[in-house]
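Letter by letter, the sequence shown follows residues 15 to 126 of the numbering used here.
Even glycine gets a Cβ: it sits at the ideal position worked out from N, Cα and C.
Computed from a predicted structure; not experimentally measured.
These notes concern the structure reproduced below.
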Amino acid sequence: MQVKLEEIIERIISVNHAWKLSREEFGNEFAATQSLRHTKSSLQATLLREFPHDVYLLKATDSDTQDEDMYSVRLESPILINGFERYDAEHLPVRVADEILTKQEITKFLKK
15 MQVKLEEIIE RIISVNHAWK LSREEFGNEF AATQSLRHTK SSLQATLLRE FPHDVYLLKA
75 TDSDTQDEDM YSVRLESPIL INGFERYDAE HLPVRVADEI LTKQEITKFL KK
């Protein structure tokens with residue numbers, strides 16, 4: 015069974031919201047919070063690998079509130095998800111990208 019682009023993006027968004035809620039309620043060290051963060055990152059890696067012509071990485075310039083460098087997982091064309099036009103599939107910390115993607119993959123997916 016092959017997952018559709020829209021489905022994986024919807025999953026990433028849903029898991030990202032759940033992760034943020036868990037982090038606010040229970041903190042970063044809570045097992046479920048960590049699991050949700052890892053799940054989101056794994057889904058983002060899958061999205062990049064399975065749909066390389068539809069998505070790319072871009073150094074995030076809108077992450078001033080973050081304490082680390084981030085990539086934005088961007089869509090080549092906007093997609094309608096739950097009635098809203100989406101241009102990205104959330105942020106991915108550079109540190110995490112370095113852990114789950116190879117240097118070659120990062121170079122391939124990164125738009126300057």
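Among the options, nearest to residue i - alpha-carbon criterion
| i | options | result |
| --- | --- | --- |
| Ile27 | Asp102, Ser91, Asp81, Asp83 | Asp102 |
| Asn30 | Leu106, Phe123, Thr116 | Leu106 |
| Ser16 | Thr60, Glu119, Glu38, Ala45 | For clarity, residue 16 is Gln in the given sequence; the question names Ser instead. With distances taken between Cα atoms, Gln16 lies closest to Thr60. |
| Ser55 | Ile95, Ser86, Glu38, Arg100 | Ser86 |
| Phe65 | His52, Lys18, Leu115 | Lys18 |
| Val110 | Gln48, Glu24, Arg25 | Gln48 |
Between the CA atoms of residue j and residue i - distance to the nearest angstrom
| i | j | result |
| --- | --- | --- |
| Pro92 | Glu43 | 34 Å |
| Lys125 | Gly41 | 33 Å |
| His88 | Ala74 | The residue asked about is misnamed: residue 88 is Arg in this sequence, not His. Their backbone Cα atoms lie some 10 Å apart in a straight line. |
| Phe98 | Glu104 | 14 Å |
| Glu21 | Glu90 | 16 Å |
Coil, strand or helix - residue i by DSSP
| i | result |
| --- | --- |
| Val110 | helix |
| Ala74 | coil |
| His105 | strand |
Nearest-angstrom beta carbon gap, residue j and residue i [assumed within contact, 8 Å]
| i | j | result |
| --- | --- | --- |
| Leu57 | Ser36 | In fact, because the Cβ distance is near 16 Å, the residues do not count as touching under 8 Å. |
| Val108 | Asp83 | 4 Å |
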